[in-house]
Amino acid sequence: MTDSLTSTLTDYYDAVPYDSHPFPQTSMEHLESLAFLFGLDAPSPANARVLELGCAAGGNLSPFAARHPDSRSLGVDLSSVQVAQGQVAIGHTGLSNIELRAFNIAEIDASFGQFDYIVCHGVYSWVPGPVQDAILRVCSENLAPNGVAYISYNVYPGWKAREIVRDAMILRGGPRDTPDEKLSYARGMLEFLEQSARADSVLKKTLDETMPIVRGSNSSYLLHEFLEPCNAPCYFKEFVARASAHGLAYLADAEPSTMFVQNYGEKVREPLLRECGGSQVMMEQYLDFLVNRTFRQTLLVKQDRAPDIRYRLDTERMRALSYAGVFSAEDGGPFTLDSQPQPCNAMRNLKVTLRLPLHKATAQVLDERYPASVPVDALLAEVSARTGEPRAVVEAPVLAMLEELLILGAVRIRRTPVQAAAVIDALPRAQDAVRKAPGLALEAGATAGTCNLWHELVALSLLERCLLPLLDGAHTHEALAEHLAAEARAERLRFIKDEKPLTDENGLREFTQQQVALALRDLRRKGLLAA
Ligand SMILES: C[S@@+](CC[C@H](N)C(=O)[O-])C[C@H]1O[C@@H](n2cnc3c(N)ncnc32)[C@H](O)[C@@H]1O
Numbered sequence: 099m100t101d102s103l104t105s106t107l108t109d110y111y112d113a114v115p116y117d118s119h120p121f122p123q124t125s126m127e128h129l130e131s132l133a134f135l136f137g138l139d140a141p142s143p144a145n146a147r148v149l150e151l152g153c154a155a156g157g158n159l160s161p162f163a164a165r166h167p168d169s170r171s172l173g174v175d176l177s178s179v180q181v182a183q184g185q186v187a188i189g190h191t192g193l194s195n196i197e198l199r200a201f202n203i204a205e206i207d208a209s210f211g212q213f214d215y216i217v218c219h220g221v222y223s224w225v226p227g228p229v230q231d232a233i234l235r236v237c238s239e240n241l242a243p244n245g246v247a248y249i250s251y252n253v254y255p256g257w258k259a260r261e262i263v264r265d266a267m268i269l270r271g272g273p274r275d276t277p278d279e280k281l282s283y284a285r286g287m288l289e290f291l292e293q294s295a296r297a298d299s300v301l302k303k304t305l306d307e308t309m310p311i312v313r314g315s316n317s318s319y320l321l322h323e324f325l326e327p328c329n330a331p332c333y334f335k336e337f338v339a340r341a342s343a344h345g346l347a348y349l350a351d352a353e354p355s356t357m358f359v360q361n362y363g364e365k366v367r368e369p370l371l372r373e374c375g376g377s378q379v380m381m382e383q384y385l386d387f388l389v390n391r392t393f394r395q396t397l398l399v400k401q402d403r404a405p406d407i408r409y410r411l412d413t414e415r416m417r418a419l420s421y422a423g424v425f426s427a428e429d430g431g432p433f434t435l436d437s438q439p440q441p442c443n444a445m446r447n448l449k450v451t452l453r454l455p456l457h458k459a460t461a462q463v464l465d466e467r468y469p470a471s472v473p474v475d476a477l478l479a480e481v482s483a484r485t486g487e488p489r490a491v492v493e494a495p496v497l498a499m500l501e502e503l504l505i506l507g508a509v510r511i512r513r514t515p516v517q518a519a520a521v522i523d524a525l526p527r528a529q530d531a532v533r534k535a536p537g538l539a540l541e542a543g544a545t546a547g548t549c550n551l552w553h554e555l556v557a558l559s560l561l562e563r564c565l566l567p568l569l570d571g572a573h574t575h576e577a578l579a580e581h582l583a584a585e586a587r588a589e590r591l592r593f594i595k596d597e598k599p600l601t602d603e604n605g606l607r608e609f610t611q612q613q614v615a616l617a618l619r620d621l622r623r624k625g626l627l628a629a
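In this note's numbering, the protein residues as written are 99 to 629.
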């Protein structure tokens, strides 16, 4: 069954393929960890069965499949053009545990089997109502009993204002023939409105709020978000009610810091706790109004698991997780293990002030090991060694600190530690799939990115691309430097010093050794070196 809107969408996605890349918030390791944090045991990603709905060219699914050879992944997408592109890319990597199929979500049935994780990112709001229902149906019928589903979607109230901008863009850009024309006419409309809007009007306020997003986004995003045939935001509470009609219950948000009322200030906390009477969904709906939220990434589970969900964090579960974080003192200096308050920068541009030696030691250990994640036992042992305090003394305050950082969103968690290198090995090793990625070849273009062990897209310099294929655990730093020197001699790489190409052997040797050291430092920090 293919209705006319579905064929319009197919044509649209065939003509304007989406940039297909990893989204860290959808990774199974992340979903497993969040389920665990909130009281549920979810299947291990290592051998999970995974389904991605609307997978485009599989850029989100294939790095997961590469990390877990014993898992099985299936991605479906309506656009045969994108699926074919993905199949070619998967063919290059040689992965045999992932399949992409050109298929309509609405036609998935029980014969597809059960999946431990079902991911549907950037699809739900952008498809007609019957396909939205099919997404929820599949997330219910095809989900294993202890599985986790992830669906992202646009929400009100934030999208109320954006809809005005979208409607104006469609009015002028919609009737044009090609995507480029649509975008160009739509941009023209916005320029006209910006120049003509009255200073005190709702339109002016709306444009002030939305134009930075329009200006800061690439064409692919704008076409899909603002000019696509479908974009139907809803309120969070409505989404949860629809999911409930399909036998699914709300578990968590993929960005858990948004769920904790204490992050919204004292004035909000007390009245909301009183008003919402323990309903997490109602409280988060109130918070959506407060922050004018535009987008949600919701984790769902089967309804019969709802009684086990706990939003009050449990110390035993906190203790069973491993943690990762980045911390640097604001003044650029080292952490001093004394009681002098030290303001510092943490991940996601968060600021925290560390006051106790054991807090600073915790931040120090996490930062040194990052991007490896540190199990609580190892963290406690190290903090105890650095502060000279017995483990029994540091345990409670370190766990309390981790809880605070977690609520704030300043640390990441994993149920199974991330196997990223905490130090640079004498024989450094990157994941096979990363080393063999076809985009790494220098002739593939000036820019290239790859997926790291945290399921993030990271950019690579030309030098890093040159070295990555050799990071197989069999090349010493010296051998890597010699490879760079040989590339320079063959004029495939050119090193410039004092504005002149570096050609003398001694200079080349010293320079390439330095470059290898710097590149390995950066590759480790980017999460591309395996433990
Ligand atoms: C905005 S893109 C998102 C792609 C990808 N999940 C991402 O976030 O990068 C939406 C995708 O959903 C696919 N899609 C839309 N309707 C579909 C349907 N009924 N069945 C399968 N895929 C569909 C489109 O072809 C497109 O690739």
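Ideal placement from N, C-alpha and C gives every residue a C-beta, glycine not left out.
For Y283, the enclosing alpha helix (DSSP H) covers residues 277-294.
Taking a 10 Å sphere around the C-beta of P331, we find 16 or more other C-beta atoms and assign the residue as buried. Counting along the chain, V532 sits inside the alpha helix (DSSP H) bounded by residues 530-533. Ranking D351, Q529, S318 by CA distance to the CA of F334 puts D351 first.
With respect to the 7 angstroms criterion, V181 and Y215 are not classified as neighbours on the basis of their beta carbons. Burial state of H219 is buried, judged by a 10 Å Cβ sphere holding 16 or more other Cβ atoms. DSSP places R592 in no beta strand (DSSP E); its state is neither H nor E. For F334, the enclosing alpha helix (DSSP H) starts and ends at 334-343. The C-beta of L371 has fewer than 16 other C-beta atoms within 10 Å across all chains shown, which makes the residue exposed. Comparing alpha-carbon positions, the option among Y254, L560, G605 lying closest to E580 turns out to be G605.
Nearest C-alpha to N361 among A528, R415, L385, Q612: L385. Distance from A629 to A520 at the Cβ level is roughly 7 angstroms; contact confirmed, criterion being Cβ atoms closer than 8 angstroms. Not one heavy atom of ligand 1 lies closer than 6 angstroms to the C-beta of N329. Excluding its 5 nearest sequence neighbours in each direction, S223 has C-beta neighbours in its own chain below 7 angstroms: Y251, N252, N329, A330, P331, listed in chain order. Counting only residues of its own chain and dropping the five nearest sequence neighbours on each side, A572 has a CB closer than 8 angstroms to the CB of L525. Per DSSP, the continuous alpha helix (DSSP H) segment holding Y319 begins and ends at 317-324. Taken from the Cβ of D231, every heavy atom of ligand 1 lies 6 angstroms or farther away. Shown here, C153 sits in coil according to DSSP, grouped into three states, outside any helix or strand.
Ranking R513, P310, R527 by CA distance to the CA of M126 puts R513 first. For L176, the shortest C-beta to heavy atom distance toward ligand 1 is below 6 angstroms. At least one heavy atom of ligand 1 is found less than 6 angstroms from the C-beta of I203. In this structure P273 is exposed. Its beta-carbon is surrounded by fewer than 16 other beta-carbon atoms within 10 angstroms. Distances from the CA of E289 to each of V300, D306, P277 were compared; the closest alpha carbon is that of D306. Secondary structure of L241 (DSSP, three-state): strand. By the beta-carbon neighbour count (other beta carbons within 10 angstroms, threshold 16), E589 is exposed. N316 is classed as exposed because its beta carbon has fewer than 16 other beta carbons within 10 Å across all chains shown.
The continuous beta strand (DSSP E) containing Y215 extends over residues 213-218. The beta strand (DSSP E) runs lying completely inside the region 410-439 and spanning 3 residues or more are 420-422, given in chain order. A residue is called buried once 16 or more other Cβ atoms fall within 10 Å of its Cβ, and A577, having fewer, is exposed. Only residues of its own chain outside the window of five on either side were considered, and among them L234, L398 have a CB closer than 6 angstroms to the CB of A341, listed in chain order. Looking at A422, Y348, D412, K400, the one whose alpha-carbon comes closest to that of E382 is Y348.
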